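Engineer: Quick one: structure below, then a few questions.
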Amino acid sequence: MPKYPFLSPEWVEEAKKIRDQYAEQGVSAGSLPASMKANLVITEVPFGDGTVNAHFDTSQGGMEIDLGHIDDAEVKITVDYQTAKAVFLENNPQAGMQAFMAGKVRIEGDMAKLMALQTATPDPQANEILQKLLEITE
């Protein structure tokens, strides 16, 4: 199976295919306790110009990540590549908290909504999707 750098255009396309395969089976990317749309600025990226603009959207019940920014984002998060990978792909919220405390994460917008996502309980189906995403990641 080919592997791609996290959040590269190739990775995003493969991730969408995985998400669509599960959606066809009636499985979402996990049930979350809060709905939020956030723009991401990922810095120190090991490909391209070193920065990736992306977004995530939980308004449909699961987590969807895609490239580019959206107009109706409630939060903007600026974070380094390794922290983003740890939080979004490896499901390691502690890495995000440590980076935040060290001043490596900047948040603009509705912090309360972002904090509400931290109460999410891991969903076994979401964990299965995360495992598939890890398999396509360099």
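According to my numbering, the sequence shown is numbered sequentially starting from 311. Note that the Cβ used here is the ideal one computed from N, Cα and C, for glycine as well. Computed from a predicted model, the values in this text were never measured in an experiment.
1. Where does the unbroken beta strand (DSSP E) through V362 begin, and where does it stop?
2. Per DSSP, what kind of secondary structure is D382 in: helix, strand or coil?
3. Is the beta carbon of V322 sitting closer than 7 Å to the one on L377?
4. In angstroms with no decimal places, state the Cα-to-Cα distance between G406 and P315.
5. Can you give the beta carbon distance from A348 to A383, rounded, assuming they're within the 8 Å contact cut?
6. If we ignore side chains and look at the alpha-carbon of each, how far apart do E324 and E354 end up?
7. If we ignore side chains and look at the alpha-carbon of each, how far apart do A412 and Y332 end up?
8. Taking C-alpha atoms, which residue in G360, K326, F366 and G358 lies nearest to I387?
9. In angstroms with no decimal places, state the Cα-to-Cα distance between P312 and R329.
10. Just checking my contact of V389 with V362 at CB under 8 Å: how many whole Å lie between their CB atoms?
11. What are the boundary residues of the alpha helix (DSSP H) that includes T393?
12. In chain order, what residues of the same chain have a beta carbon less than 7 Å from the beta carbon of H379, not counting five sequence neighbours either side?
Structural biologist: Checking against the coordinates, here is how it stands:
1. V362 to D367
2. coil
3. yes
4. 19 Å
5. 6 Å
6. 22 Å
7. 37 Å
8. F366
9. 17 Å
10. Incorrect: roughly 11 Å between the Cβ atoms, too far for contact.
11. Y391 to A394
12. N349, N363 and H365
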